[in-house]
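Okay, structure first, notes after.
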Amino acid sequence: MDALGMADVPVGIGSAGGVSDDTTFECYDAGYSVPRQDIYQSGLDLVCRGLESVPDKSVQLLCLASLTDVAVLIKEHHDLFSSKVQEVVLMGGVMPLQENEMLIPDTAYNNNCDMASARAKI
Numbered sequence: 218m219d220a221l222g223m224a225d226v227p228v229g230i231g232s233a234g235g236v237s238d239d240t241t242f243e244c245y246d247a248g249y250s251v252p253r254q255d256i257y258q259s260g261l262d263l264v265c266r267g268l269e270s271v272p273d274k275s276v277q278l279l280c281l282a283s284l285t286d287v288a289v290l291i292k293e294h295h296d297l298f299s300s301k302v303q304e305v306v307l308m309g310g311v312m313p314l315q316e317n318e319m320l321i322p323d324t325a326y327n328n329n330c331d332m333a334s335a336r337a338k339i
């Protein structure tokens, strides 16, 4: 966020998103990637703090990765989520809809990381 001129935007650490602990990722050093001292260790706590500070039905939640953390947020803080979130936008996919059916996740990578969370009934 610092490199974007948004140093005042808080950053929190989320879960591994359903990816197993023995999975390795290739990471490359980037000149703009610098350590920060003010990163929140709990992304969930940071999100809850943010939700508590805004008017009801004013949040548009954009989900760009696994739905693990969103599922935990909804399960553990359902009333807060329901009162503050107006809309959820997902990057992933769904199976073709039948009339009057719930969305069913497809096998997009973001869903596949934690299919149980992607399928969670809210």
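Positions in the sequence shown are counted from 1; adding 217 to them yields this note's numbering.
Here a beta-carbon is modelled for each residue, glycine too, at the ideal position from N, C-alpha and C.
This structure is a prediction, so every number in the text was calculated from the model and none was measured.
Of the residues the options, the one placed nearest residue i, counting alpha carbons only
| i | options | result |
| --- | --- | --- |
| Asp219 | Asp238, Pro252, Asp246, Ile321 | Pro252 |
| Gly229 | Asp286, Ser270, Ser275, Lys274 | Asp286 |
| Asp273 | Thr241, Ala337, Ser300, Val236 | Ser300 |
| Glu318 | Gly231, Lys338, Arg266, Ala325 | Lys338 |
| Pro189 | Met312, Ile256, Leu278, Glu293 | What the structure shows of the chain is the stretch from 218 to 339, and residue 189 is not part of that stretch, so it cannot be assessed. |
| Val305 | Leu278, Met223, Asn329 | Leu278 |
Neighbourhood of residue i by C-beta, 7 Å cutoff - its chain only, sequence neighbours within 5 removed
| i | result |
| --- | --- |
| Leu290 | Leu261, Val264, Phe298 |
| Gly231 | Gly260, Asp286 |
| Val271 | Lys301 |
Residues near residue i in its chain [Cβ-Cβ closer than 6 Å; skip 5 each side]
| i | result |
| --- | --- |
| Leu284 | Ser334, Ala335 |
Check whether residue i and residue j have beta carbons under 8 Å apart
| i | j | result |
| --- | --- | --- |
| Ala288 | Gly234 | no |
| Pro331 | Gly310 | This sequence places Asp at residue 331; Pro is not what is there. No, these two residues do not count as a Cβ contact at 8 Å. |
| Cys280 | Leu307 | yes |
Proximity test, Cβ basis, 8 Å: residue i and chain C
| i | result |
| --- | --- |
| Leu307 | Chain labels in this structure do not include chain C; a single protein chain is all it has. |
Exposure of residue i, with buried meaning 16 or more beta-carbon neighbours within 10 Å
| i | result |
| --- | --- |
| Asn327 | buried |
Sequence-distant residues of the same chain with beta carbon closer than 8 Å to residue i, five excluded per side
| i | result |
| --- | --- |
| Ser174 | Residue numbering for the chain in the displayed model covers 218 to 339; residue 174 lies beyond these limits and cannot be assessed. |
| Glu293 | Leu261 |
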